[in-house]
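What the sequence shown shows, in the numbering used here, is residues 9 to 741, in sequence order.
Cβ atoms here follow ideal geometry from the backbone N, Cα and C, with glycine treated the same way.
Structure first, then comments.
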Amino acid sequence: MLLPIRSPSDQNAPLCWDLRFQPCITALTIGPDQGKSPRLEKVTLLEAFERAEEITAVVHDSPGAQMALYELLLGLCAATGVHPRTAAQHRQWVTDRHPLTAIADQLRTEDFDGLLDLTHPEHPFAQNALLRPHLAHGYGPAQLELERAGDYVLLFDHVHLHDGEPVPIEDAFHALLAQHAYGLGGRVMAKTSWFGSAFTYAAVGRLAGRIRTLALGDSLADTLRLNLTPCADGGRFNYSWTRGRPRRTFSGPDAKKTHTPDGPADLHSTLGRSVLLSARADEIGRVVVDKVLMGAGELLEPTPDSLQDAAMNGDKPLQASEKKALWRDAHALYAAATPSAKGSDLFSRLVRLNRPVRLWSVGLIAENRNVTGWVSDTFPFHGAHHQQLRRAAHDGAAWAALLAGAATTAAAVARDVAYPNARPEERAKLLTRFDPAADLWARFAEPFHTLLDAISAGADAAKARAAFAAAAVTATRTALGERLRSLPRTGSALEAAARAQARLESELTKTKHPLEITEAATMDTAPPSTTPAPHTAAPTPESQERAAATGPRALGHWLAGLIRRHDRELLGQLQRPKRPPRLQAWTLAGNFAPTDSARDAYELTAHLFARYHAALPWQDPRRLYGSGDLGRTLRRIGTPGGYGPADPGCHRLFERLCTPGALPRQHLAHAIDRLRALDRIPPSWAQLADDLAAFTSHDDHVQHTWACSFFTPNSPTRQGVTTPCTATSTSTR
Numbered sequence: 009m010l011l012p013i014r015s016p017s018d019q020n021a022p023l024c025w026d027l028r029f030q031p032c033i034t035a036l037t038i039g040p041d042q043g044k045s046p047r048l049e050k051v052t053l054l055e056a057f058e059r060a061e062e063i064t065a066v067v068h069d070s071p072g073a074q075m076a077l078y079e080l081l082l083g084l085c086a087a088t089g090v091h092p093r094t095a096a097q098h099r100q101w102v103t104d105r106h107p108l109t110a111i112a113d114q115l116r117t118e119d120f121d122g123l124l125d126l127t128h129p130e131h132p133f134a135q136n137a138l139l140r141p142h143l144a145h146g147y148g149p150a151q152l153e154l155e156r157a158g159d160y161v162l163l164f165d166h167v168h169l170h171d172g173e174p175v176p177i178e179d180a181f182h183a184l185l186a187q188h189a190y191g192l193g194g195r196v197m198a199k200t201s202w203f204g205s206a207f208t209y210a211a212v213g214r215l216a217g218r219i220r221t222l223a224l225g226d227s228l229a230d231t232l233r234l235n236l237t238p239c240a241d242g243g244r245f246n247y248s249w250t251r252g253r254p255r256r257t258f259s260g261p262d263a264k265k266t267h268t269p270d271g272p273a274d275l276h277s278t279l280g281r282s283v284l285l286s287a288r289a290d291e292i293g294r295v296v297v298d299k300v301l302m303g304a305g306e307l308l309e310p311t312p313d314s315l316q317d318a319a320m321n322g323d324k325p326l327q328a329s330e331k332k333a334l335w336r337d338a339h340a341l342y343a344a345a346t347p348s349a350k351g352s353d354l355f356s357r358l359v360r361l362n363r364p365v366r367l368w369s370v371g372l373i374a375e376n377r378n379v380t381g382w383v384s385d386t387f388p389f390h391g392a393h394h395q396q397l398r399r400a401a402h403d404g405a406a407w408a409a410l411l412a413g414a415a416t417t418a419a420a421v422a423r424d425v426a427y428p429n430a431r432p433e434e435r436a437k438l439l440t441r442f443d444p445a446a447d448l449w450a451r452f453a454e455p456f457h458t459l460l461d462a463i464s465a466g467a468d469a470a471k472a473r474a475a476f477a478a479a480a481v482t483a484t485r486t487a488l489g490e491r492l493r494s495l496p497r498t499g500s501a502l503e504a505a506a507r508a509q510a511r512l513e514s515e516l517t518k519t520k521h522p523l524e525i526t527e528a529a530t531m532d533t534a535p536p537s538t539t540p541a542p543h544t545a546a547p548t549p550e551s552q553e554r555a556a557a558t559g560p561r562a563l564g565h566w567l568a569g570l571i572r573r574h575d576r577e578l579l580g581q582l583q584r585p586k587r588p589p590r591l592q593a594w595t596l597a598g599n600f601a602p603t604d605s606a607r608d609a610y611e612l613t614a615h616l617f618a619r620y621h622a623a624l625p626w627q628d629p630r631r632l633y634g635s636g637d638l639g640r641t642l643r644r645i646g647t648p649g650g651y652g653p654a655d656p657g658c659h660r661l662f663e664r665l666c667t668p669g670a671l672p673r674q675h676l677a678h679a680i681d682r683l684r685a686l687d688r689i690p691p692s693w694a695q696l697a698d699d700l701a702a703f704t705s706h707d708d709h710v711q712h713t714w715a716c717s718f719f720t721p722n723s724p725t726r727q728g729v730t731t732p733c734t735a736t737s738t739s740t741r
């Protein structure tokens, strides 16, 4: 909705932008004729209170401005006397849904005429009219917007604030409220000669240094009732700097004078800045702001009432941090809910209501007075389950930190294996390349909130905690795997990935870890496929016979049968190279492939089987069927000085097998020949056929599996891995 348009004939008329009658708040509404489809609409201040039961929430692009709008509404509730007097009355108001329309009725009276007018010539709302003689020195409205003003230390460089583009007065109003609540300390664009040197040094806003938490109900009215502070007297509302009680001076002994709020109305409307807006009507009659003057404002004396919603971190209120997600400190919110406090703060009142609400927390992220953004998050709260919520929030954050540390440890292993000779100054950068810990916190957020939602809804806490642990473990494994993909497809890189993943599994399954983490790490956490199985007809005896006649197991049985029948003719054909004319044995081996693309892999497997059993075939089932994949098999090669990776020749052979590109047939043949020469158990021929069929030049999945078996055969990632060979296959050297 556009701002009010003034006709050209009214250009010289005095401006009047009264919040009571101008659409100044964006509301999310669900009307009776809208079904369940919400919509956004602009409402006036009177409409906000009159339709409070219909409005779901107040919305704004900036979390700080959105919170400041709620502060304004709460302050007006206290200023009009529409607020509970005791904690018991507060519970009754929330339970009985006490109406708030009386606030709108009072605001309509002439007692409030001019008090909520942003353009009033004598006492403009939330502004300091004493700045009017100096308005010619004003700058663009960019300095009002915390996100645009940026670094308050560098305000002597006015270039970024010279933006002369006017903004609608509605946007300036929202930024003005956020500035009063969240403005940062430091030099502001004001001259010492105006009011004194103290006027040029703004203090930190009352909400800028901590997390502000609001209890959200199912409507705007419900939200306001939940957050109203019970008190005998609501106090005086700060409509403007020049109206009401005496204000701070900026020179002399009162320059550092602090103000103690006399009630919620005073607290919610604190003027943290001295601000004056220069408003005018543009060419089409809309009211815009093109200049702003801003200086220091009130200095508040901290009181217990000013920390009604504060979650404490030690002896200080919880603060926003760019390096730490807000949900990691959610347990502090639940810890603040203590029934013994007798309803003296927000959380203690909520715990007695015994109903579900949502806690919305907002904080300003600023490093060295440089605004970098906002942190905003919501958490479920239920008085009947607040102890379980506290434990779940504490344990969930602790488990997330544990998993992030495990990922960092595994990443260090990958770095040391892949780059063993890295210089000390390079090691930190290389660790950053492989360490997914920084990304993991974002991945943990969704399962963490799911955990809290489930407990708040009364679900089984043990199952909810186990589900979070499983999701977090899966996220950790996935994140590390994604980072390790940056390694080149070489033997040493595959070794680094295999050892890193093995180290991660070792870290996850430590007995000292919480039971939920170890159980999640030892179970299959892969999510079930969500793709519905295609509809197929019931299998017929003929189709079952065809299925049994193809595949890797059928190939393995057929190859073993050649030895048992002493079929030297077919074995001899398989030992010869594959070249025209096509021999019968090669064709028979290829016929076991379930697809045409797998024929070559099955034929190659049969050839390697024949090479292994050349001249002196073994009847031992372990050699007929083989055991393990190729990586585990190569660990059987070596000398008493070392086997597998400990044998230099075997290590070089594995690296040649993992060379990027096409399937290394000659190296496969060399590996089989060495196994035969050393009288070692061959790989499972069925598994080998399956691996070779899945081998591609652009995907190293098969090689990675071989690397895990070769370098880390006893890691948890390899436990329980079965091969499609017969039950008689065993893993022996």
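Which whole-angstrom value describes the C-beta separation of Leu567 and Ala614, a residue pair presumed to lie in contact below a C-beta threshold of 8 Å?
Residue 567 sits at position 559 when you count from the first residue of the sequence shown. Residue 614 sits at position 606 when you count from the first residue of the sequence shown. About 6 Å separates the two Cβ atoms, so the contact holds.
Three-state class that DSSP yields for Asn321 in the structure shown:
To locate residue 321, count along the sequence shown from 1; it is residue 313. Strand at Asn321.
Length of the line joining the Cα atoms of Arg572 and Tyr633
On the sequence shown, residue 572 is found 564 positions in, with the first residue counted as 1. On the sequence shown, residue 633 is found 625 positions in, with the first residue counted as 1. About 12 Å.
Opposite Pro384 in the DSSP bridges: which residues?
Working through the sequence shown from its first residue, we reach residue 384 at position 376. One point to set straight first is that residue 384 is Ser, not Pro, in the sequence displayed. In DSSP, Ser384 forms a bridge with Val370.
How should Gly89 be labelled, buried or exposed, when 16 other C-beta atoms within 10 angstroms of its C-beta is the threshold for buried?
Along the sequence shown, one-based indexing puts residue 89 at 81. The residue in question, Gly89, is exposed, as its Cβ has fewer than 16 Cβ neighbours within 10 Å.
Under 8 Å, with one C-beta from each stretch per pair, do the region 381-399 and the region 70-77 reach the 3-pair mark?
yes
Measure from the alpha carbon of Gly293 to the alpha carbon of each residue in Asp121, Leu23, Ala430, then state which is nearest.
On the sequence shown, position 285 is the one that residue 293 refers to. For Gly293, the nearest C-alpha among the options comes from Leu23.
Leu582: first and last residue of the uninterrupted alpha helix (DSSP H) it sits in
Here residue 582 refers to the residue found at position 574 of the sequence shown. 576-583 is the extent of the alpha helix (DSSP H) around Leu582.
With DSSP collapsed to three states, give me the class of Met531.
Here the question's residue 531 lines up with position 523 in the sequence shown. Of the three classes helix, strand and coil, the one that applies to Met531 here is coil, per DSSP.
In whole angstroms, what is the alpha-carbon distance linking Gly499 and Gly322?
Within the sequence shown, numbered from 1, the residue matching residue 499 stands at position 491. Within the sequence shown, numbered from 1, the residue matching residue 322 stands at position 314. Cα-Cα distance, rounded: 51 Å.
One or two residues paired with Phe389 in a DSSP bridge
For the purposes of this step, residue 389 is taken as residue 381 along the sequence shown, with counting starting at 1. Partner(s): Val365.
Could you give the first and the last residue of the continuous beta strand (DSSP E) run that contains Ala304?
Here residue 304 refers to the residue found at position 296 when the sequence shown is read from its first residue. Counting along the chain, the beta strand (DSSP E) containing Ala304 begins and ends at 295-304.
To which residues does DSSP link Pro261 through a beta bridge?
Stepping through the sequence shown from its first residue, residue 261 is reached at position 253. Answer is none; Pro261 lacks a bridge partner.
If you follow the beta strand (DSSP E) that Arg140 is in, where does it begin and where does it stop?
Your numbering for residue 140 matches position 132 in the sequence shown. No beta strand (DSSP E) holds Arg140; DSSP gives it neither H nor E.
Along the chain, where does the beta strand (DSSP E) containing Val421 start, and where does it finish?
Taking the first residue of the sequence shown as position 1, residue 421 is located at position 413. Looking at the DSSP string, Val421 is not in any beta strand (DSSP E); the run it does join, the alpha helix (DSSP H), is 394-426.
Straight-line gap, Ala545 to Ala701 (C-alpha atoms, nearest Å):
Along the sequence shown, read from residue 1 onward, the residue named residue 545 stands at position 537. Along the sequence shown, read from residue 1 onward, the residue named residue 701 stands at position 693. At Ala545, the pLDDT of 45 sits below 50, so the modelled position is not reliable and the matter cannot be decided from this model.
Nearest CA to the CA of Tyr78: which residue from Leu275, His394, Gly652?
Locating residue 78 in the sequence shown gives position 70, counting from the first residue. Among Leu275, His394, Gly652, the Cα nearest to that of Tyr78 is on Leu275.
Compare the beta carbon distance of Arg688 and His675 with 7 Å and say whether it is the shorter of the two.
Residue numbering aside, residue 688 sits at position 680 when the sequence shown is read from its first letter. Residue numbering aside, residue 675 sits at position 667 when the sequence shown is read from its first letter. Contact: no.
Stretch pair the region 355-364 + the region 423-431: three plus CB contacts closer than 8 Å:
no
Output the distance between the C-alpha atoms of Asp313 and Leu84, rounded to the nearest integer angstrom.
As a first step, residue 313 must be located in the sequence shown, where it is residue number 305. As a first step, residue 84 must be located in the sequence shown, where it is residue number 76. The alpha-carbon atoms of Asp313 and Leu84 are separated by roughly 17 Å.
Taking the C-alpha atoms as reference points, what is the distance between Tyr147 and Asp298?
As a working note, residue 147 is residue 139 in the sequence shown. As a working note, residue 298 is residue 290 in the sequence shown. Taking the straight line joining both Cα atoms gives about 8 Å.
Helix, strand or coil: which one does DSSP assign to Ala735?
One-based indexing of the sequence shown puts residue 735 at position 727. Low confidence applies to Ala735: its pLDDT is 31, below 50, so where it sits in the model is not reliable enough to give any reading.
Reduced DSSP category for Lys332 - H, G, I as helix; E, B as strand; rest coil:
For the purposes of this step, residue 332 is taken as the residue at position 324 of the sequence shown. In the structure shown, Lys332 sits in coil (DSSP, three-state: anything other than H, G, I, E or B).
Where the alpha helix (DSSP H) containing Thr440 begins and where it ends
Stepping through the sequence shown from its first residue, residue 440 is reached at position 432. Note, Thr440: alpha helix (DSSP H), 432-442.
Using DSSP bridges, identify the partner residues of Thr221.
Here the question's residue 221 lines up with position 213 in the sequence shown. DSSP output for Thr221 lists Ser369 as bridge partner(s).
Ala593 versus Leu612, Leu228, Pro602, Gly391, residue with shortest Cα-Cα distance
The residue labelled residue 593 in the question sits at position 585 within the sequence shown. Per the Cα distances, Leu612.
According to DSSP, is Ile645 helix, strand or coil?
Translated into positions along the sequence shown, residue 645 becomes position 637. Ile645: coil per DSSP, three-state reduction.
In this structure, does DSSP put Ser717 in helix, strand or coil?
Counting from one through the sequence shown, the residue named residue 717 turns up at place 709. Ser717 falls in the helix class under three-state DSSP.
Contacting residues, own chain, Cβ-Cβ under 8 Å from Thr736 (five flanking each side not counted)
Counting from one through the sequence shown, the residue named residue 736 turns up at place 728. Any answer about Thr736 is weak, because its pLDDT of 32 lies below 50 and its placement is not dependable; what the coordinates show is given next. If we look at Thr736 and ignore the five residues flanking it on each side, its Cβ neighbours are Pro629, Arg630, Tyr633.
Evaluate contact between the region 390-404 and the region 455-469, counting only Cβ atoms and requiring at least three cross-stretch pairs below 8 Å.
yes
When the Cα atoms are used, what is the spatial distance from Ile33 to Leu82?
By 1-based counting over the sequence shown, the position of residue 33 is 25. By 1-based counting over the sequence shown, the position of residue 82 is 74. Taking the straight line from one Cα to the other gives about 14 Å.
Output the boundary residues of the beta strand (DSSP E) element that contains Ala287.
Position 279 of the sequence shown, counting from 1, holds the residue named residue 287. That run of the beta strand (DSSP E) goes 281-289.
Considering only residues of the same chain and omitting the five flanking positions on each side of Pro721, which have a CB-CB separation below 7 Å?
For the purposes of this step, residue 721 is identified with residue 713 of the sequence shown, where counting begins at 1. Arg640, Arg643.
Per DSSP, what kind of secondary structure is Asn599 in: helix, strand or coil?
The residue you call residue 599 lines up with position 591 of the sequence shown. In the structure shown, Asn599 sits in coil (DSSP, three-state: anything other than H, G, I, E or B).
For Gly194, which of helix, strand or coil comes out of DSSP?
Taking the first residue of the sequence shown as position 1, residue 194 is located at position 186. DSSP places Gly194 in strand when its eight states are reduced to three.
Please give the ranges of any alpha helix (DSSP H) in the region 76-115, keeping only runs that are unbroken, at least 4 residues long and fully inside the region.
95-104
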